[in-house]
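Contents: one structure, followed by commentary.
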Amino acid sequence: MSKEGYRDILPTAPPQEEVQQVQYINSYPNNYIYHNPTELLRLQKEQLDKEVALQIQRMENEIQEEKQKKSIWKRLCLCISCIFCCCITL
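Using this note's numbering, the first residue of the sequence shown is number 172, and each one after it goes up by one.
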């Protein structure tokens, strides 16, 4: 049922080249980052900086936990020694 001067075109799948181009456009940021060495290096450096910061934070947390454990033992020893001293002097 075509109008005068027009022809009927059946719907078909787009040529494979167009499909690949559309996929490339849709994934442009990823492809840009992948193909851009400076951007890739910047992202790798940021990731490394985050990992180093996390390691430093973990180490600081471990040191803080050790300090807390030591201070608890110091308090306990002090308390025991006070009790011992008080018992001897009485």
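For each residue, glycine too, the CB sits at the ideal point set by N, CA and C.
Since the model is a prediction, treat every value here as computed from it, not as a measurement.
**Request:** Ignore the nearest five residues each way along the sequence and tell me which others in T209's own chain have a CB closer than 7 Å to its CB.
**Result:** none
**Pairwise C-alpha distance: E236 and V193** = Low local confidence applies: a pLDDT of 48 at V193 is under 50, so the model's placement there is unreliable, with the coordinate-based value given in what follows. Their Cα atoms are separated by approximately 54 Å.
**Asked** Rounded to a whole number of angstroms, what is the C-alpha to C-alpha distance between E231 and A224?
**Response** Rounded to the nearest whole angstrom, the C-alpha separation of E231 and A224 is 11 Å.
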